[in-house]
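Read in order, the letters of the sequence shown correspond to residues 13 to 403 in this note's numbering. Some notes on the structure that comes next.
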Amino acid sequence: MCTRQELEKLKGFLTQNRDQIETNFREVEQSLKAELRVLKDRGNSVIPEVDFKDLLEAKQFHEDIKNSVHKRGVIIVRNLLDQSTAKEILSDLKEYMRDNGEDPDDPQAIFFEIYWSKAQIRARQHANMVQIQKLLLSLWNRNPDMDGTVDLSKPSMYLDRFRMRKPGDDRFHLDPHIDSGSITRWLDPIYRQSYHHILNGDWKDQDPFTVNGRGQATMDRHCSFFRTFQGWTALTPSEPGTGTLRVLPVLKEAISYIMLRALMPDVPKHEFPGYSEPKIFYLDPKYHEVLFNEMISIPAMNPGDAVFWHPDLVHSVENVHNGAETNTVLYIPSGPDCLTNRLYLERTRFLFKNGLGPPDFQGSPQHELHFKNRGTPEDLNEDGKMMMGWI
Ligand SMILES: [Fe+2]
C-alpha cells in the first residue's frame with residue numbers, strides 16, 4: 013500500500029523529463045487510435061489462431077503467427093486437447109466434486125476451492141499442454157543483462173482455479189483490467205525496467221516479449237508467479253454472449269498508453285488511475301475511456317480449445333452469460349523456470365504434499381485436505397515433476 017506522499021514522490025521521479033513524457037504520450041495516443049479503428053473494422057478476426065495438430069507437425073509457430081501474437085498479445089489454440097479428452101476431464105472433475113460434497117450444478121457457485129483433483133493434474137501435465145507451454149515460451153526473449161536465471165526452454169507449473177459460469181449469471185463479470193501487478197509496474201525498479209522504453213525513451217522500442225527482469229520482479233500479492241501467458245482451456249462450448257473472455261488485442265499501444273496516462277498533467281499528483289489497494293489494476297473509465305469501451309469478445313470456443321494472453325494485455329469478462337449451458341474453463345497459464353517461479357514452486361511443493369491450497373489462493377487452504385481421491389505428488393508424470401521443480 014502506497015501513501016499519497018509516496019505516490020507523489022514516485023510521480024515526481026518519473027516525470028523529471030516532462031517534455032519527453034508528453035511527446036511520447038501524444039505519439040502513443042495517435043497510434044492507439046489508429047489501431048482501435050482497425051479493431052472496430054476487423055473485430056475478433058485479428059486474434060491469431062492455430063490448430064494444435066498443425067503446430068505439432070511444424071514444431072514451431074509460423075512467422076506470420078509469431079508476428080501476430082507479438083502484436084496482438086493473444087492467441088487461440090484449437091484442439092489443444094481433443095474433445096473426448098476435454099469431456100472426460102470435465103466428467104472426472106464433476107465426479108470428484110460430487111464425491112466430496114460439492115455441487116458443480118449449484119447455480120450460485122462459479123469458483124471452487126479445488127486445485128488438486130486428478131482431472132486438473134491430468135490437464136496440467138498433458139503432453140499437449142506441456143508442448144504448447146514450451147512453444148509459448150519460445151515467443152519470449154531474454155535480456156542477457158537482467159535475465160541470466162531465466163530458462164525459456166523449461167516451463168513451470170502454475171496452480172490455478174477453474175470456473176463454471178452458469179447460464180443467466182451476471183455476478184461474475186470483470187471490468188477491463190490487467191493482472192500481474194498494479195502500481196509495481198511504476199514503483200518496483202526491476203519491474204519498471206520492463207517498461208523503460210515507454211517511460212524513458214521511445215515507446216516504439218518497447219518489446220513486450222523480452223523478459224527484462226520480470227522473472228525476478230515483485231509483482232503483487234495476487235500473483236507470486238511470472239506468467240509469460242495467462243490462459244484457459246475450455247471444457248465446454250462457449251461463444252460471444254455466453255459470459256466469455258473479452259480482450260483488447262492492441263498490446264504495445266495500450267500498455268504504453270496506460271503507463272504514460274498516469275503521468276499526464278491533468279491527473280492529480282498522488283494518483284495513478286487504475287491503482288487502488290488491495291485490488292488488481294482496473295482501468296479507470298475517466299482516464300482510460302479510449303480503451304475502456306473497445307473490448308472485443310473472443311470467438312466461439314469448443315471443448316479442448318485454449319486461449320492464452322500476455323500479462324500486459326487488457327482483458328475483461330462479459331457482463332452476462334446469456335447462453336444455455338454452463339461455461340467451464342480450466343485456468344492453465346504458462347511461465348518459465350526463473351527465480352520468482354522457483355520460489356513459488358518451493359512453496360507449492362510443500363502445500364501440495366500436505367493437501368493444502370496453492371500459494372495465490374489461500375482463502376481456505378484446508379478446504380480440500382480431506383477430499384477422497386485427491387491427487388498427490390505420486391500422480392505426477394515426468395513432465396509434471398519437471399514443471400513442479402521436483403526433477
Ligand atoms: Fe484477469
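Every residue gets a Cβ at the ideal spot worked out from N, C-alpha and C, and that includes glycine.
- Nearest in C-alpha terms to Val341, of all of Thr15, Lys52 and Lys178, is Lys178.
- When secondary structure is reduced to three states using DSSP, Val40 falls in the helix class.
- Judged by DSSP secondary structure, Lys216 falls outside any beta strand (DSSP E); it is assigned neither H nor E.
- Taking a cut-off of 8 Å on C-beta distances, the region 210-230 does not touch the region 244-258, as fewer than three cross pairs fall below it.
- Take the alpha-carbon of Gln374 and the one of Leu44: they are about 38 Å apart.
- Pairing Ser236 with Pro389 gives a Cβ-Cβ distance that is not under 8 Å.
- A residue is called buried when at least 16 other Cβ atoms come within 10 angstroms of its Cβ; Asp296 meets this threshold and is buried.
- When secondary structure is reduced to three states using DSSP, Met109 falls in the helix class.
- Taking Pro377 as the centre and dropping the five residues before and after it, the same chain places the C-beta of Leu368 and Gly369 closer than 7 Å to its C-beta, in chain order.
- In the displayed model, Met313 falls within a strand according to three-state DSSP.
- Counting only residues of its own chain and dropping the five nearest sequence neighbours on each side, Asn29 has a CB closer than 8 Å to the CB of Asn212.
- Residue Trp321 holds the alpha-carbon nearest to the alpha-carbon of Val81 among Trp321, Gly387 and Asn314.
- Counting the other Cβ atoms within 10 Å of the Cβ of Met13 gives fewer than 16, which makes it exposed.
- Taking 8 Å as the cut-off, the Cβ atoms of Asn91 and Phe64 count as close.
- The beta carbon of Ser206 lies closer than 7 Å to those of Asn224, Gly225 and Arg226 in the same chain, with the five residues before and after it left out.
- DSSP lists Trp244 as the bridge partner or partners of Tyr343.
- The shortest CA-to-CA distance from Gly396 to any of Asn36, Arg134 and Glu18 is the one to Arg134.
- Bridge partners of Cys235 according to DSSP: Asp232.
- Counting only runs that start and end inside the region 115-153, there is no beta strand (DSSP E) element of at least 3 residues.
- Counting the other Cβ atoms within 10 Å of the Cβ of Val329 gives 16 or more, which makes it buried.
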